[in-house]
Amino acid sequence: MAALTKRSVQPGPSADLQEGSGCYSCQEKWIGYQCNCYFISNELKTWKDGRDFCVSHNSSLLQIQTRNEPAFMKFSTSFYWIGLSYDEEHHAWLWEDNSTLSQDLLPFLKSVNPKNCIMYTPRGRILDAHCEKKFRYICKQQLI
């Protein structure tokens, strides 16, 4: 697996940050980690605008695979929009690729408002907020 350099992780990308993922190189201002590229925004956007930014960069809002993803941000206390939303038709929380959320990954989603969008901190906490509010966001581009 790819190792990170000794740079400290800031709430968002620095202008000179460009690292390889260990599999391929990432776009400028993106962070490579374990064969994925991540963009951690400094800019505040609505959930939809964050999603649109990610899509325009051939990625999606973060889809969490493990409780502390992305692990390199585990010291961040900020909340970020992620690519999870409630699908009324299926009565389920779905990721942007329409896959279902593993029940043990974020079991406390039962207490959030399904009309809201989900924010996540890499320490493993979630919050829900009105989708039109502006927060930072994380894009993830899978390279393999």
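Numbered by the UniProt record's numbering, the letters in the sequence shown go through residues 1 to 144 in order. Quick reminder that beta carbons are idealized off the backbone N, C-alpha and C, glycines included. A quick note: this is a predicted structure, and the numbers were derived from the prediction, not measured.
DSSP, read as helix, strand or coil, puts K48 in helix.
Within 10 angstroms of the beta-carbon of F72 lie 16 or more other beta-carbons, which makes it buried. Closest by C-alpha distance to W95, out of E43, S85, E89, is S85.
The Cβ atoms of C131 and N116 sit closer than 8 Å to each other. In this structure, W81 is the residue among T66, W81, Y137 with its C-alpha nearest to the C-alpha of I118. For Q141, the enclosing beta strand (DSSP E) stretches over residues 136-142. A distance below 8 Å separates the beta carbons of G124 and R67. A direct Cα-Cα distance of roughly 14 Å separates Q65 from I126. For F39, the secondary structure class from DSSP, reduced to helix, strand or coil, is strand. Secondary structure of C54 (DSSP, three-state): helix. Around L106, the same chain offers I126 as residues with beta carbons nearer than 7 Å, after the five sequence neighbours per side are excluded.
In this structure, DSSP gives S102 a state outside helix and strand, which the three-state scheme calls coil. The closest CA to that of E69, considering only N36, R136, L143, is found on N36. Looking at the DSSP output, M119 bridges to W81, L127.
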